[in-house]
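Visitor:
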Amino acid sequence: RVILFGGWGTSDVFSDTWEWDGSSWTQRTPAQSPPARAFHAMAYDAARQRIVVFGGYDKTSNRSDTWEWDGITWTQRSPLTSPPARSAHAMTYDAARQRVVLFGGEAGGAALGDTWEWDGRTWTQRSPATSPPARFAHAVAYDEVRRRVVLFGGTPSIGGAFLSDTWEWDGTTWTPR
């Protein structure tokens, strides 16, 4: 199934959960949901069978909360350490290392260039020797065959030119490609 949560409409942000089964969308109505937001990131943690949501913009400010969807219920997680509030960041699941990887985003009008990993209990900031330049509105995906997180594009500033660079994360360092 494909899960959709929240987003931005013409004049509001949403907190609805939808599920796509390959032929139709069904709105799910759990007892508890994350607060409304847009420009958040989601990734499926295959080892734990949970969708992980972090951050986003709630129409007044960026958020720094972590939520998980198990297919029935949304549960807010309260790790001791979390990335700072942000929006327009990107996340993917690194299957080889069983970690959700988060990179970059925007906070207070500035691009971020930090790398974080979620293991289901806590967020850990990684400090690689080499890292992509700060950016937001980029994409990341996991290359299962090569066992690498691949990052592409984004922008370093609001209204700035879009980047067309590619980077790979192996769990230790980012390498430009």
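With the numbering used here applied, the sequence shown corresponds to residues 1373 to 1549, in that order. For every residue, glycine included, the Cβ atom is placed at its ideal position computed from N, Cα and C. Since we're looking at a predicted model, the values are computed, not measured.
Quick check: what's the CA-CA separation for S1396 versus A1460?
Guide: 28 Å
Visitor: Candidates I1375, R1518, T1527, V1522: which alpha carbon is nearest D1393's?
Guide: Comparing Cα-Cα distances from D1393 to each of I1375, R1518, T1527, V1522, the minimum goes to I1375.
Visitor: Mind checking S1529: buried by the 16 CB within 10 Å criterion, or exposed?
Guide: exposed
Visitor: Can you tell which of T1432, Q1399, Y1429, G1492 has its C-alpha closest to the C-alpha of R1420?
Guide: G1492
Visitor: At the level of alpha carbons, what is the spacing between R1469 and G1485?
Guide: 21 Å
Visitor: In the DSSP assignment, what are the bridge partners of G1477?
Guide: L1484
Visitor: Quick check on the burial criterion: 16 or more other C-beta atoms within 10 angstroms. Buried or exposed for S1405?
Guide: buried
Visitor: Here's a check: name, in chain order, each residue in its chain whose Cβ is nearer than 7 Å to the Cβ of G1525, leaving out the five neighbours to either side.
Guide: H1510, A1511, F1534, L1535, S1536
Visitor: Can A1403 and G1378 be called in contact, C-beta distance under 9 Å?
Guide: Taking 9 Å as the cut-off, the Cβ atoms of A1403 and G1378 do not count as close.
Visitor: Quick one: Cα of W1446 to Cα of V1425, how far?
Guide: 10 Å
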